Structure formats: structure tokens, C-alpha cells
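Following: one structure in C-alpha cells, then a few remarks.
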Amino acid sequence: MNLKFIGQNLDVTAALKDYTLNKLERIIRHADQVISATVTFSVFKVQKKAEIDLHLSGKDIHIECLDNDMYAAIDCLMDKLDRAVIKYKEKRQPSHQTPEICTDTDTATELE
Numbered sequence: 213m214n215l216k217f218i219g220q221n222l223d224v225t226a227a228l229k230d231y232t233l234n235k236l237e238r239i240i241r242h243a244d245q246v247i248s249a250t251v252t253f254s255v256f257k258v259q260k261k262a263e264i265d266l267h268l269s270g271k272d273i274h275i276e277c278l279d280n281d282m283y284a285a286i287d288c289l290m291d292k293l294d295r296a297v298i299k300y301k302e303k304r305q306p307s308h309q310t311p312e313i314c315t316d317t318d319t320a321t322e323l324e
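Below you can see the structure in the form of C-alpha cells.
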């Protein structure tokens, strides 16, 4: 998996990288086909923004979150990303079950 960190109006510190990597490990266990991820940290006047572009096989997910604290924004971002990955994974699984073949003996016992 290719992972890139970008800081806009902010220097990306080792602490931010480590915190994000620890949170991202939780999501990677749900998504087994992660190609690359780009995490962007931005600072506006008071608001801190964290966004991620996650490239899975067959889908690209873009999530962003604003907060007054960067670590809170990362927590919010990872929660949203976790839900999005689980939702994508559930949609990929077939929802229809294969019908069971009914034999004559089964129907005869049910009729009695």
C-alpha cells in the first residue's frame, strides 16, 4: 500500500503520522485490497481539516472532516472511513442466497 501525507499550511510531524497510521491499521483489516491512500492535513484560521483519498480495487473513497483540534479531526475522519469501507464491503457481498433444492421426500413429510 502506498501511503502519502500532505500538509497544507502545516508541517506534518512524526506524531501526526504515527497517530494516523495507528488509526488507519484498524481500517485496513476491513479493506484487504487497499492500493493507495493520501492523507491531507490543512489548517484554516481556527479550523483544522483532515481528508483522505483511499483507493481500493474497484472504488475510490474520499472523506473529509473539520474540527478545532487536528487529532479530533483525525478521529472523526477514521470513524467515517471505517463506516464507508464496511458499507462498500457489504455491498460487494452477494445478498441473495442460493435456493435449496427441494426433494420429493421433504415435501411428502411436510404435507403429512
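Using our numbering, read the sequence shown as starting at 213 and increasing by one per residue.
All C-beta atoms in this analysis are idealised placements derived from N, C-alpha and C, irrespective of residue type, glycine included.
Keep in mind it's a predicted model, so treat the numbers as computed, not measured.
#### Entry: Beta-carbon proximity list for K290, same chain, < 6 Å, skipping 5 on both sides
Sequence index remark: in the sequence shown, residue 290 carries index 78 (1-based). According to the sequence displayed, residue 290 carries Met and not Lys. For M290, the CB contacts under 6 Å within the same chain, skipping 5 residues up- and downstream, are K235 in chain order.
*For my contact list, S254 and Q220 are in at a C-beta cut-off of 8 Å; report their separation, rounded to the angstrom.*
Here residue 254 is taken as the residue at index 42 of the sequence shown, counted from 1. Here residue 220 is taken as the residue at index 8 of the sequence shown, counted from 1. Indeed, because the Cβ distance is near 4 Å, the residues count as touching under 8 Å.
To the nearest whole angstrom, what separates the beta carbons of I286 and A262, a pair I think is in contact under 8 Å? Translated into positions along the sequence shown, residue 286 becomes position 74. Translated into positions along the sequence shown, residue 262 becomes position 50. Indeed, because the Cβ distance is near 5 Å, the residues count as touching under 8 Å.
Which residues in the same chain have their Cβ closer than 8 Å to the Cβ of V224, if we skip the five residues on either side of it in sequence?
Position 12 of the sequence shown, counting from 1, holds the residue named residue 224. Within the same chain, V224 has close Cβ partners F217, I218, F253.
- Task: Throw me the rounded Cβ distance for the Y187 and Y300 pair, which I believe falls under 8 Å.
- Result: With the chain running from 213 to 324 in the structure shown, residue 187 is simply not present.
Near H274, which residues of its chain fall below 6 Å by C-beta distance, leaving aside the five closest residues on each side in sequence? Indexing the sequence shown from 1 puts residue 274 at position 62. The residues are D265.
* Is D281 closer than 8 Å to K260 when the C-beta atoms are compared? -> Translated into positions along the sequence shown, residue 260 becomes position 48. Translated into positions along the sequence shown, residue 281 becomes position 69. It is a contact, given that the beta carbons lie within the stated cut-off.
| Can you tell me whether L215 is buried or exposed, with buried defined as 16 or more other CB within 10 angstroms of its CB? | Walking along the sequence shown from the start, residue 215 turns up at place 3. Result: exposed.
* Asked: To the nearest whole angstrom, what separates the beta carbons of M213 and V246, a pair I think is in contact under 8 Å?
  -> On the sequence shown, residue 213 is found 1 positions in, with the first residue counted as 1. On the sequence shown, residue 246 is found 34 positions in, with the first residue counted as 1. Contact holds; Cβ gap of about 5 Å.
Rounded to the nearest angstrom, what separates I226 and I313 at their Cα positions? Here residue 226 refers to the residue found at position 14 when the sequence shown is read from its first residue. Here residue 313 refers to the residue found at position 101 when the sequence shown is read from its first residue. Here residue 226 turns out to be Ala, not Ile, going by the sequence shown. Cα-Cα distance, rounded: 59 Å.
Cα-Cα separation, K229 to E302: Stepping through the sequence shown from its first residue, residue 229 is reached at position 17. Stepping through the sequence shown from its first residue, residue 302 is reached at position 90. Rounded to the nearest angstrom, the two C-alpha atoms are 29 Å apart.
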